[in-house]
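Numbering (numbering that gives the first Met the number 0), first residue to last: 0 to 186. Note that beta-carbon positions come from the ideal geometry of N, C-alpha and C, so glycine has one too. Quick caveat, the model's predicted, so the values are computed rather than measured. Working notes, structure below.
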Amino acid sequence: MTTSNDDRPRPRVLTLLFDGVEEIEAIAPVDLLRRAAIVVVMASVNEQQVVEGRSGIRIQTEKTWSEIENEPFDLLFIPGGPGVFELFENEAILQIIRQRNQNAQWTAAICAAPKLLAAAGILENRTATSHGSIRPELPISSDERIVVSDHIITSQGAGTAIEFGLQLIETLTDQKTAQSIAQSIHF
């Protein structure tokens, strides 16, 4: 954690971005987290700092995965989109997910990304939600918009991205901060 102007530690979030990411699922939560004074680092899993989303929108990241993979973060956030399926072959990312799980550290995934958590083996005996098309592939699935199970937060998709971002804020700070951000955006 870094410190804020009042010297309280500020939570740190690592957002993994990749070609084919669902832009809304990535940017809406990042925007909300930053409004809550949470430090968010967007890192490309590629070696380039620009990723192209599923709708062709180019997103500039601050870092690449190789520059950031060993830094401490309070929460790992993985958005969905068709590009997430390429991460199933990335053993370094799967290992980080497993390690965070062993250390009971927060991990959040939306849309198709919960399937990546399942591939890493961390959803056994945990309820999760996801995009409806992959929900049957999760070990224990729910049709809830957002599910918090132990230190894992999952959400359904683009239509739940704002709610999901607010849940991340509440998890990392408190309910009052999340409510304040929700009011500021007329949610």
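Distance between residue j and residue i (C-alpha atoms, nearest Å)
i, j, result
"Thr-128", "Pro-28", "17 Å"
"Thr-170", "Gln-47", "31 Å"
"Gln-104", "Arg-144", "22 Å"
"Gln-59", "Glu-22", "12 Å"
"Ala-42", "Phe-17", "8 Å"
"Leu-264", "Leu-167", "Limits of the chain in this structure are 0 at one end and 186 at the other, which puts residue 264 out of reach."
"Asn-100", "Thr-106", "8 Å"
"Gly-200", "Trp-64", "With the chain represented from 0 up to 186, any question about residue 200 goes unanswered, as that position is not in the structure."
"Ile-37", "Pro-135", "33 Å"
"Ala-35", "Gly-158", "21 Å"
"Ser-141", "Gly-131", "10 Å"
"Asn-124", "Ile-139", "7 Å"
"Val-49", "Val-20", "12 Å"
"Ser-54", "Ala-160", "16 Å"
"Glu-90", "Leu-115", "11 Å"
"Asn-45", "Ile-67", "12 Å"
"Arg-7", "Ile-95", "27 Å"
"Glu-70", "Glu-61", "14 Å"
"Ser-148", "Leu-122", "9 Å"
"Ala-117", "Leu-137", "6 Å"
"Arg-9", "Arg-33", "11 Å"
"Gln-189", "Ile-133", "Missing from the structure shown is residue 189; the chain here goes from 0 to 186 and no further."
Anticipated Cβ contact below 8 Å, residue i with residue j, distance rounded
i, j, result
"Phe-87", "Thr-14", "Actually they are not in contact, since the Cβ atoms of Phe-87 and Thr-14 sit about 19 Å apart, beyond 8 Å."
"Val-146", "Thr-172", "Actually they do not touch by this definition, with Cβ atoms about 20 Å apart."
"Ala-111", "Arg-97", "Between Arg-97 and Ala-111 the Cβ distance is about 19 Å, and since that is not below 8 Å, they are no contact."
"Gly-80", "Glu-162", "With a Cβ gap of about 18 Å, Gly-80 and Glu-162 do not count as contacting."
"Ile-92", "Gly-156", "Their Cβ separation, rounded to whole angstroms, is 21 Å, which puts Ile-92 and Gly-156 out of contact at 8 Å."
Bridge partner(s) assigned by DSSP for residue i
i, result
"Glu-51", "Arg-57"
"Leu-13", "Val-40 and Leu-75"
"Lys-62", "Ala-42"
"Ile-92", "Beta-bridge pairing links Ile-92 to no other residue."
"Ile-109", "Ser-154"
Buried versus exposed, by CB contacts within 10 Å (16 or more), residue i
i, result
"Ser-154", "buried"
"Val-83", "buried"
"Lys-175", "exposed"
"Ile-26", "buried"
"Val-12", "buried"
"Phe-72", "buried"
"Val-39", "buried"
"Thr-2", "In this prediction, Thr-2 scores a pLDDT of 45, lower than 50, which makes its location untrustworthy; the coordinate-derived value is nonetheless stated afterwards. Exposed, since its Cβ has fewer than 16 Cβ neighbours within 10 Å."
"Ile-56", "exposed"
"Glu-85", "exposed"
"Ile-184", "exposed"
Exercise. In the region 113-153, which residue ranges form an unbroken beta strand (DSSP E) of at least 3 residues, counting only runs that do not cross its ends?
Worked result: Runs of beta strand (DSSP E) with 3 or more residues, each lying fully within the region 113-153, are found at 145-148, listed in chain order.
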